[in-house]
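*Asks:*
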Amino acid sequence: MIHEEYVERLVNLLDADANLIFNMTFEEATEIVGSGSAEQVRQIDGQFALVHKNGTCIRMARSIGRPMR
Numbered sequence: 006m007i008h009e010e011y012v013e014r015l016v017n018l019l020d021a022d023a024n025l026i027f028n029m030t031f032e033e034a035t036e037i038v039g040s041g042s043a044e045q046v047r048q049i050d051g052q053f054a055l056v057h058k059n060g061t062c063i064r065m066a067r068s069i070g071r072p073m074r
């Protein structure tokens, strides 16, 4: 039996100022990550590590130049 447990609180410790996004704002890029579309995430130009939370759904995306731990 699989037991699912939902995340109640998310603490984002990623440094937003360390992102280098060239073709959109940080907020726009975060919303794209939240859309869940890999094709749209590929359109983000730069080095980034982004987290988007919508209810109990958490989506994360990063480029190769930004580690996420």
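Positions in the sequence shown are counted from 1; adding 5 to them yields my numbering.
Positions of the beta carbon are idealized from the N, C-alpha and C atoms, including for glycine.
None of these values were measured; they are calculated from a predicted model.
Nearest by alpha-carbon distance to Gly70: which of Glu9, Gly60 and Leu25 is it?
*Replies:* Leu25
*Asks:* Which same chain residues, not among the five before or five after Ile63, have their C-beta less than 8 Å away from its C-beta?
*Replies:* If you ignore the 5 residues before and after Ile63, its C-beta comes within less than 8 Å of the C-beta of Val12, Leu15, Val56 and His57, all in its own chain and listed in chain order.
*Asks:* For Ile37, is the classification buried or exposed, using 16 other Cβ atoms within 10 angstroms of its Cβ as the cut-off for buried?
*Replies:* buried
*Asks:* What is the DSSP secondary structure of Ile26, counted as helix, strand or coil?
*Replies:* strand
*Asks:* The beta strand (DSSP E) that contains Ile63, what's its start and end?
*Replies:* Cys62 to Arg67
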